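Quick notes on the structure that follows.
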Amino acid sequence: MSPPLVYRWAAAMERSGYLTKRMGRVPVLENLNPLLGEWRGRYRVSDNDPMPCSPVFGERVDEPFREGFLDRLRHLPGNAHLYALTGHLACRFYRLKHSEARSIHLYFSREPSALMEGLQLVPSADPRAPIVLLRPRHPRSVFGGISPLDGVSVCDILQVYLDLYHLLDRGREQADFVHERMLGPLLRNAAEPQDDF
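To get the numbering used here, take the position in the sequence shown, counting from 1, and add 26.
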């Protein structure tokens, strides 16, 4: 991030009571659970532009299909879109699988036809389709934190948590598990005072 953007972010966080600056010391994050609650209240995965999809050959979205889907993601051609896996399937890459929900959520950054062809998907008229491609409302928030995990681009754990939180297929349960096992400890660590500069 550019320094002016960081300064604006820090000033806004300080005004909101989520950051304390100390002379000659590293700033300290505070009240992170209320901050997370504020983000949960303001954001829904449905805030993005969803494109429900189905497998082109009509397969069930079961375990073998998901494994094949991940393999196709790993082997997309070099000119394929920037993408980021989120939701339940992303939790596997963080070793945080808890629920047996089968939905697949994938962010994309450009015109989706090449991505859909590579993943063997077709648009679905059913809003409850098991696979949802998402054009992000805030691309920098999604694509700025992606990590390559086992050959797949996966959203950062905070984005995955926020996306899960409002999913109907046991999303809240999975989000709570992610918070308990990974996000909560990360937030507690971030709120601990650090050594001086």
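Glycine included, each C-beta is placed from N, C-alpha and C at the ideal position. On a predicted model such as this, the values are computed, not experimentally measured, just so you know.
Quiz item: On the three-pair Cβ rule with 8 angstroms, is the stretch 49-57 touching the stretch 188-203?
Solution: no
Quiz item: So what does V71 bridge to, in DSSP terms?
Solution: V71 is not bridged to any residue.
Self-check item: Inter-residue Cα distance where the pair is R98 and F119
Solution: 16 angstroms
Exercise. Pull up the DSSP beta-bridge partners for R51, would you.
Key: R48
Exercise. Indicate whether L78 and V158 have their beta-carbon atoms separated by less than 7 angstroms.
Key: First, the amino acid is wrong: residue 78 is Pro here, not Leu. Taking 7 angstroms as the Cβ cut-off, P78 and V158 qualify as a contacting pair.
Quiz item: In terms of DSSP beta bridges, what is R8 paired with?
Solution: The displayed coordinates of the chain run from 27 to 223. Any statement about residue 8 would go beyond what the structure contains.
Quiz item: So, are the CB atoms of P224 and R128 less than 7 angstroms apart?
Solution: This structure cannot speak to residue 224, because the chain is shown only from 27 to 223.
Exercise. Evaluate N74 with the Cβ neighbour count: other Cβ atoms within 10 Å of its Cβ, from every protein chain shown; 16 or more gives buried, anything less gives exposed.
Key: buried
Self-check item: Whole-Å CB distance - A201 paired with L55, under 8 angstroms assumed
Solution: Actually they do not touch by this definition, with Cβ atoms about 21 angstroms apart.
Quiz item: Nearest-angstrom Cα distance between F223 and S72?
Solution: At F223, the pLDDT of 45 sits below 50, so the modelled position is not reliable and the matter cannot be decided from this model.
Practice problem: Would you be able to state if there are at least three C-beta pairs under 8 angstroms between the stretch 125-144 and the stretch 54-68? | Solution: no
Quiz item: Mapping DSSP to helix, strand and coil, what is A110?
Solution: strand
Quiz item: Taking the Cβ atom as the reference point for each residue, do Y191 and V204 lie within a distance shorter than 7 angstroms?
Solution: no
Quiz item: Which first and last residues belong to the beta strand (DSSP E) in which I172 is found?
Solution: Neither: I172 is in no beta strand (DSSP E) and is coded neither H nor E.
Quiz item: Is P138 helix, strand or coil by DSSP?
Solution: coil
Self-check item: Candidates R100, P165 and L122, of which the one nearest S179 by Cα
Solution: R100
Self-check item: Residue environment, Y33, which counts as buried when at least 16 other CB atoms sit within 10 Å
Solution: exposed
Exercise. Examine chain B for any beta-carbon lying closer than 7 angstroms to the beta-carbon of D176, and answer yes or no.
Key: Among the protein chains of the structure shown there is no chain B, as only one such chain exists.
Quiz item: By a C-beta neighbour count over all protein chains shown, 10 Å radius and 16 as the cutoff for buried, is L115 buried or exposed?
Solution: buried
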